[in-house]
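Okay, structure first, notes after.
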Amino acid sequence: MKKEMEKKGESTDFLTVREVSKLLNINEKKVYTLAREGKIPGTKVTGKWLFPKQELESSLRNKARRAVKRFSSEFEVNRSVVLVSGSDDPVMHMVQGLFHKMHPDFALFSSSVGSEEGLKLLNKRFCHIALSHLYDSSTGDYNFPFINALFDDPDETAVINLFYRNVGFVSKAKNVTSFKSIVGQGLRFINRQSGSGIRRRSDQIIINEKLLDSQIRGYSSEVYTHYDVVNRIISGDSDSGIASESVALYAGLHFHRLFEERFDMVIFKDTFFEEGVQAFVEFIRSGIFFKHLNSMRGYDCRSTGKVMYPASELSDQ
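For what it's worth, my numbering labels the leading residue of the sequence shown as 1, then goes sequentially.
What follows is the structure in structure tokens.
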């Protein structure tokens with residue numbers, strides 16, 4: 001066998017299936033599969049697979065280099081992307097271009113999955129920033145009770161205010177001022193998804209009005225964004241919903257204010273000083289962001305950029 005290879009001018013240093021399985025730390029069946037699929041260099045001699053050691057090692061080195069190069073490329077992409085997850089607000093969609101213009105080395109990507117899900121994703125380190133406006137009726141506070149409940153180590157988080165915003169009933173009719181008025185007029189309601197800040201407030205308002213959700217037509221119908229709510233009303237698929245004042249005015253719908261709420265961003269302390277996160281914090285504290293907020297109805301920037309927690313550690317940063 002060795003002589004046959006020498007006659008062909010090829011290397012005589014070959015590995016058997018068993019030796020390759022040990023080298024690659026895989027079972028022998030997997031070696032056969034890789035060989036048949038041409039994923040590792042090998043040849044059949046008198047019915048047995050043999051693998052040229054030098055060529056195999058060279059192939060492994062090349063694959064390792066490609067993997068490192070791919071990892072480095074992905075790392076550079078990840079470093080340039082700021083992943084935001086959680087609550088929905090039109091501001092976040094509108095400022096992505098402004099953020100990139102101010103910080104061209106970074107791109108902002110926002111996923112509207114609801115406040116609660118956003119906090120859960122942040123706790124798992126699946127995003128850099130979570131957006132939340134969860135209201136706790138027992139304490140009258142926003143976000144902190146939920147961070148304490150959902151995070152493995154709440155003390156490792158930082159909370160920065162983005163803005164305050166007005167939220168209320170939106171409809172084509174002027175006289176939608178409560179769930180009782182919706183029920184009384186037989187109107188259809190389009191809801192937000194479970195776990196969102198708006199949905200939690202809706203559920204609480206129903207309790208306060210001493211109603212059952214089964215009394216409200218369409219209460220089980222869910223959408224994920226403020227724009228989805230107004231689009232369902234404009235299209236005639238629903239008659240009413242709850243959304244931000246800015247979206248209601250944008251859509252030309254009537255708006256009845258229910259409450260003003262605090263809208264925060266939540267970050268892990270150990271990522272607070274990462275370049276992308278710092279770029280976004282700098283952006284929301286900039287005149288560009290303030291000007292944009294002040295140009296829209298229903299927003300208040302009295303605490304925008306302020307560290308709500310922990311004030312002693314990050315306030316001056």
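For every residue, glycine included, the Cβ atom is placed at its ideal position computed from N, Cα and C.
- Residue burial annotation: Ala243 is buried, with at least 16 other C-beta atoms found within 10 angstroms of its C-beta.
- Membership of Ser181 in the alpha helix (DSSP H) is indicated by the continuous run Phe179 to Gln185.
- Judged by DSSP secondary structure, Ile234 falls within the alpha helix (DSSP H) whose first and last residues are His226 to Ile234.
- Per the coordinates, the alpha-carbon of Ile234 lies some 15 Å from the alpha-carbon of Glu245.
- Assigned with DSSP and collapsed to three states, Ala243 falls in strand.
- In the structure shown, Tyr135 falls within a strand segment according to DSSP collapsed to helix, strand and coil.
- Classified as exposed, Pro104 has fewer than 16 neighbouring CB atoms from the shown chains inside 10 Å of its CB.
- Note that the segment 153-160 does not touch the segment 248-261; fewer than 3 beta-carbon pairs, one per stretch, sit closer than 8 Å.
- Per the Cβ contact rule, the segment 92-99 is not in contact with the segment 139-146 (fewer than 3 Cβ pairs under 8 Å).
- Look at Tyr250 here: in three-state DSSP terms it is helix.
- For the pair of segments examined, the segment 173-193 was found not to touch the segment 282-289: the number of CB pairs separated by less than 8 Å stays below three.
- The three-state secondary structure of Lys306, taken from DSSP, is coil.
- By the Cβ rule, the segment 202-210 does not count as touching the segment 115-134, because fewer than three pairs are nearer than 8 Å.
- Rounded to whole angstroms, the Cβ separation of Glu260 and Arg165 is 7 Å, and the two are in contact under 8 Å.
- The shortest CA-to-CA distance from Val281 to any of Tyr299, Ser111, Thr304 and His133 is the one to Thr304.
- When only Cα atoms are considered, Val230 and Leu258 end up about 17 Å apart.
- Leaving aside the five residues that flank Ser111 on each side, the residues in its chain whose CB is nearer than 6 Å to its CB run, in chain order, Ser85.
- With respect to the 8 Å criterion, Thr271 and His133 are not classified as neighbours on the basis of their beta carbons.
- Taking the Cα positions, Phe255 is about 40 Å away from Asn78.
- The residues Glu209, in chain order, have a CB closer than 7 Å to that of Ser178 in the same chain once the five nearest residues on each side in sequence are set aside.
- Between Val81 and His226, the alpha-carbon positions lie close to 25 Å from each other.
- Taking a C-beta distance under 8 Å as the contact criterion, Leu162 and Phe263 qualify as a contact pair.
- In terms of Cα proximity to Val307, the closest of Gln215, Thr33, Val266 and Leu23 is Val266.
- The Cβ atoms of Leu15 and Lys53 sit closer than 8 Å to each other.
- DSSP, read as helix, strand or coil, puts Phe268 in strand.
- In chain order, Val170, Ser171, Lys172, Val230, Ile233 and Ile234 place their CB closer than 8 Å to the CB of Leu253, counting only its own chain and leaving out the 5 sequence neighbours on each side.
- Going by C-alpha positions, Ser240 is about 6 Å away from Ile190.
- Among the bridge pairs identified by DSSP, Val176 is matched with none.
- Counting along the chain, no beta strand (DSSP E) covers Thr46, and no H or E run does either.
- Distance from the Cα of Ala149 is smallest, within the candidate group Arg192, Glu117, Phe126 and Lys180, for Glu117.
- Remark: C-beta atoms of Val17 and Val31 approach each other more closely than 8 Å.
- By the neighbour-count definition (other C-beta atoms within 10 Å, threshold 16), Met94 is an exposed residue.
- Of the residues assessed, Phe106 falls on the buried side of the cut-off, its CB having 16 or more other CB atoms within 10 angstroms.
- Per the C-alpha coordinates, the member of Leu131, Glu57, Leu60 and Leu56 positioned closest to Asp88 is Leu131.
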